[in-house]
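Engineer: Read in order, the letters of the sequence shown correspond to residues 258 to 473 in my numbering.
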Amino acid sequence: MSATTLIVPGLYGSGELHWQTWIEQQIEGARRVEQRDWNSARLDEWSDALLAAINESAKPVWIIAHSFGCLVTAAAAQRCTNRIRGAMLVAPANPERFSVHGLEPRTTVGSISSKLPHTALGFPAVVVASTNDPWMRFTTANVWAERWGARLVNLGAAGHINAEAGFGPWQQGLDLFNGLREAHHLYPLGEFDERSAPHTTRERYALRAMERHWFA
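The structure is reproduced here in structure tokens:
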């Protein structure tokens with residue numbers, strides 16, 4: 258069965274120069290999950306919007322998320338694992354910087370960390386992280402990737418992997434996403450665990466190609 262691709266931006270959305278806007282135009286049938294207020298990062302409201310988009314799709318979905326959108330994806334996934342084919346999570350924001358009311362000083366209200374899954378997501382996922390991301394330390398990104406059973410891709414000193422960091426048309430990101438789809442499109446929905454799932458020869462080849470591309 259074919260799948261729909263959902264684009265999930267972070268706080269303030271992704272503008273015309275952002276790689277998410279470019280990649281949305283490259284993938285047939287891809288569509289953006291719209292939020293009522295892009296300036297108010299409320300996890301529950303945003304994850305409800307994503308969940309609605311997933312349920313409205315007649316097909317299973319692939320997700321391409323950025324920043325706070327990665328947290329939104331993880332939160333929504335707890336309620337619909339069997340509808341998500343896989344996800345590419347780019348430059349996730351640190352949940353400790355957010356409360357249920359949005360972006361908040363960490364000293365005023367408890368963070369949203371407890372509202373996120375601390376176990377494998379249940380579908381194939383790649384976390385793409387930067388060593389100098391102001392929104393999340395690389396070591397923290399590694400912790401969350403391990404919790405979620407996701408592969409971690411180290412992009413080096415790439416900032417927040419957004420337009421301001423020079424990521425507009427991003428062919429490598431599209432290649433990575435296509436590699437993820439190629440590697441895992443045959444897995445039964447809701448039954449995936451990266452740490453124990455067997456790989457076919459075709460899947461191993463696609464995964465090795467991804468890793469050679471980024472770590473050569």
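Just so it is clear, CB atoms sit at the ideal spot from N, CA and C, and this is done for glycine as well.
Bear in mind the structure is a predicted one, so any value in this text is a computation, not a measurement.
May I ask you to report which of helix, strand or coil DSSP gives TRP319?
Structural biologist: strand
Engineer: Pick from GLY359, PHE424, VAL265 and GLU291: whose alpha carbon is nearest that of ASP301?
Structural biologist: GLY359
Engineer: Once the 5 residues before and after LEU373 are set aside, which same chain residues still bring their CB inside 7 Å of it?
Structural biologist: Leaving aside the five residues that flank LEU373 on each side, the residues in its chain whose CB is nearer than 7 Å to its CB run, in chain order, LEU328, ALA331, ALA332 and PRO352.
Engineer: Identify which residue in GLU361, ALA398 and ALA306 has its Cα closest to the Cα of ALA350.
Structural biologist: For ALA350, the closest alpha carbon among the candidates GLU361, ALA398 and ALA306 is that of ALA398.
Engineer: For the alpha helix (DSSP H) containing ILE311, name the first residue and the last one.
Structural biologist: 300-313
Engineer: GLU361: beta carbon under 7 Å from a heavy atom of the ligand HEM?
Structural biologist: Absent from the structure shown: the ligand HEM. Ligands present: none.
Engineer: For SER371 and GLN292, what's the separation of their Cα atoms in angstroms?
Structural biologist: 22 Å
Engineer: Out of ARG354, ILE321 and PHE325, point me to the one whose CA is closest to ILE341's CA.
Structural biologist: ILE321
Engineer: Pair every Cβ in the region 375-382 with every Cβ in the region 425-433, then say whether three or more of these pairs are closer than 8 Å.
Structural biologist: no
Engineer: Tell me which same chain residues have a C-beta within less than 8 Å of the C-beta of LEU308, skipping the five on either side of it?
Structural biologist: ALA333, ARG336 and CYS337
Engineer: Is ALA386 helix, strand or coil when you go by DSSP?
Structural biologist: strand
Engineer: Compare the C-alpha of ALA306 against each of PRO266, ILE284 and GLU285 and name the closest.
Structural biologist: PRO266
Engineer: Compute the Euclidean distance between the alpha carbons of SER324 and LEU274, then round it to the nearest angstrom.
Structural biologist: 16 Å
Engineer: Helix, strand or coil: how does DSSP classify ARG404 here?
Structural biologist: helix
Engineer: Here's the rule: buried if 16 or more other CB atoms are within 10 angstroms of the residue's CB, otherwise exposed. What is GLN277?
Structural biologist: buried
Engineer: Would you kindly report the start and end of the unbroken alpha helix (DSSP H) that includes LEU328?
Structural biologist: Bounds of the alpha helix (DSSP H) holding LEU328 are 325-334.
Engineer: State yes or no: is the C-beta of TRP303 within less than 8 Å of the C-beta of THR262?
Structural biologist: no
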